[in-house]
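Everything below concerns the one structure shown next.
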Amino acid sequence: MTTLNLTENAITVLKARYLLGNEQPEDLFRRVAHAIAEAEAPESRAQWEETFFEMMVSTKFVPNSPTLFNAGTGKGTLSACFVLPVEDTMESIMQASTNSAMIQKFGGGLGYAFSKLRPRGSPIATTQGKACGPVAVLKMLSALSDMITQGGKRHGANMGILHVSHPEIMDFIHMKDDNATAQNFNISVAVSDAFMEAVGHNKDWDLIDPHTGEVAETLSAREMWDDIIESAWKTGDPGLYFIDEANRHNPTPHLGNLDSTNPCGEVPLLAHEACNLGSIDLGQFVVNGQFDFTGLENLTRTAARFLDDVVSVNEFPAQAVKDAVALTRKTGLGVMGWHDTLIQMDIAYDSEEALELANRVMGTINNVAKEVSIKLVEERGPYPACQEEVPIRNATRTCIAPTGSISAIAGASSGIEPIFALAFVKNVLDGKQLREVNPQFLDMARSRGFFSEELMDEVALTGSCQHLDQVPEDIKRLFKVANEIPLDTHIKMQAAFQAHTDLAVSKTINMPNSATPQDVAQAYWLSYQNACKGITVYRDGSKPTQ
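When we follow the numbering used here, the leftmost residue of the sequence shown carries the number 32, and every step to the right adds one.
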């Protein structure tokens, strides 16, 4: 029987957000395991409940937050990610608002594509009025999200996407320049291959009214690009969504295009779709400095089945969402603890060895999750919209999420990100402040004899150890933090995981405050050339709150 071994900070996070009534952490995992095992055949439910419980209580795998919040309560959805369509009618806009409110109430995050809305000032025949346009609709949904604050458990998270050919694109690009507007929205420009080519060749670019199909304005593609870069350098927004690359990997093009993603960009979805995510703590598969691939394969088999079961027992606030999910049964198994893994194996994050291991680890997870999904067809049938040569249970199986809260529960580094800082203060929703010191750095400081309280104070001040003479060079090599990792390494790491991921990869390209707009431009180009599906940058200090 696995015993639950949680850090003090993990317990604080669980108490602040996840535990119901008098629940203890073990009760939480038992509640979730019992609820998800209901999807299994009656004679094997007890056995699967035990298997799922063991997997979660070890924190080798943790499902996304809404599953932890809501499974077994009879209330709310278990999915973290939703995409709602916004069509060019008042009815559609208000329906999106209603569905948004119900989804956010129970902790789901939302993505919207605003590209079908006619631009601000366009005539409306039915009322002789004028259209308010995509930016105004986004601001309205942002105000609604502020009011709800996801399920009372976490702040509302949203993604707004506008196509680069929309007449209102320039207003959209600059919408968040003031660092005050729509702060609960990430925004991304959906850029096409044709636009990237126009930028590369310094061509003009037509903005096309989605309502009339006519050219509304013609701009220099490169000047538009420069505006995107300048705003991203200033505030971190907008990111880019490489919409053609995403749709090249769309498993169900016959159902529609992937016009938008979830809030952190890692789940491109069709209109009304939702996705259930969960992550494997890779750091727990390092044994005596070697990676345990057999253990990873075994756990992946259980986790992939667990996520298919989540789809079966899930409930949704809108019939359209329920129907869309039933058609494709998308799941997204991902990872956390990647930097922890590399440190334990004495591999620097910014090394070729790290990229090779990334390919092997994610390749293993992707292959095994696919095998499980194909095998489940024998028991449960393929997903209803499946037109693939080999019938499969889930249209997608893998995805790399940011794992903000669940990595805190597992005591792991988040997603595939480098450690953000060796020591920092984390703000939790109810105003609590947690001081986090990287446990591996602490252990090495003690075992190698360079630990002192003064040293830790110094590390807490800057989050880094690179400037400290007391810290040996081989330790500095392992403990480079996010904005000390070269830009191209960030992108190559994202691309290595993307190559073995059905959905997409959440990855923030962290940059030091001294980074230039040219650095941002270089990162955006590199991510396009490396077949990433999207990119987000964050220059240290570019937001008033961090």
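Glycine is no exception: its CB is placed at the ideal position from the N, C-alpha and C atoms.
- Look at Gln464 here: in three-state DSSP terms it is strand.
- For Tyr272, the pairing in a beta bridge is given by DSSP as Ala221, Gly565.
- With fewer than 16 other Cβ atoms inside 10 Å of its own Cβ, Glu383 counts as exposed.
- In terms of Cα proximity to Glu504, the closest of Ile396, Ala476, Ile259, Leu492 is Ala476.
- Rounded to the nearest whole angstrom, the CA to CA distance from Ala221 to Glu304 is 19 Å.
- The count of Cβ pairs closer than 8 Å, one atom from the stretch 436-449 and one from the stretch 353-368, reaches three, so the stretches are in contact.
- Asp312 is bridged by DSSP to Met367.
- Taking each of Tyr380, Tyr559, Leu300, Gly480 in turn and checking the Cα distance to Pro517, the smallest one comes out for Tyr380.
- With the rule of 3 Cβ pairs closer than 8 Å, the stretch 524-544 counts as touching the stretch 563-576.
- The DSSP-derived three-state label of Ala305 is strand.
- Segment contact: the stretch 485-500 against the stretch 546-554, fewer than three CB-CB distances shorter than 8 Å; contact not assigned.
- Nearest neighbour of Ile42 by Cα position, chosen from Gln525, Ile437, Ile155, turns out to be Ile437.
- By the CB criterion at 9 Å, Thr90 and Ala441 fall inside the cutoff.
- Contact holds between the stretch 238-258 and the stretch 198-209, because three or more Cβ pairs, one in each stretch, are under 8 Å apart.
- Counting C-beta atoms within 10 angstroms of its own C-beta, Glu245 has fewer than 16 neighbours from the protein chains shown and is therefore classed as exposed.
- With respect to the 9 Å criterion, Val117 and Leu35 are not classified as neighbours on the basis of their beta carbons.
- With contacts defined as CB atoms closer than 9 Å, Ser176 and Gln135 qualify as a contacting pair.
- In the DSSP assignment, Trp236 forms a beta bridge with Leu250.
- For Ile423, no alpha helix (DSSP H) run applies, since DSSP gives it neither H nor E.
- For Ser128, the closest alpha carbon among the candidates Asp339, Arg149, Ala174 is that of Ala174.
- Among the bridge pairs identified by DSSP, Val392 is matched with none.
- Distance between Leu45 and Pro56, taken at the CA atoms: about 7 Å.
- Of the candidates Thr157, Ala554, Gln497, Ala144, Ala554 places its Cα closest to the Cα of Lys523.
- Among the bridge pairs identified by DSSP, Tyr143 is matched with Leu115, Gly191.
- For Met125, the enclosing alpha helix (DSSP H) starts and ends at 121-136.
- For Met86, the enclosing alpha helix (DSSP H) covers residues 76-88.
- Nearest to Asp533 by C-alpha distance, out of Glu254, Gln350, Lys401, is Lys401.
- If you draw a straight line from the Cα of Glu410 to the Cα of Glu71, it is about 10 Å long.
- The stretch 421-436 makes no contact with the stretch 67-84, as fewer than three CB pairs between them are under 8 Å.
- When C-alpha distances from Gln418 are compared across His285, Glu122, Asp323, Gly494, the shortest belongs to His285.
- Put simply, of Ser478, Asn561, Val512, Phe510 the residue whose alpha carbon is nearest the alpha carbon of Asp519 is Asn561.
- DSSP places Met524 in no beta strand (DSSP E) but in the uninterrupted alpha helix (DSSP H) bounded by 518-529.
- In this structure Asp235 is in contact with Ser251, their Cβ atoms being roughly 6 Å apart against a cut-off of 8 Å.
- In the structure shown, Ala454 falls within a strand segment according to DSSP collapsed to helix, strand and coil.
- Per DSSP, Val44 lies in no beta strand (DSSP E) segment; the continuous alpha helix (DSSP H) that holds it begins and ends at 39-44.
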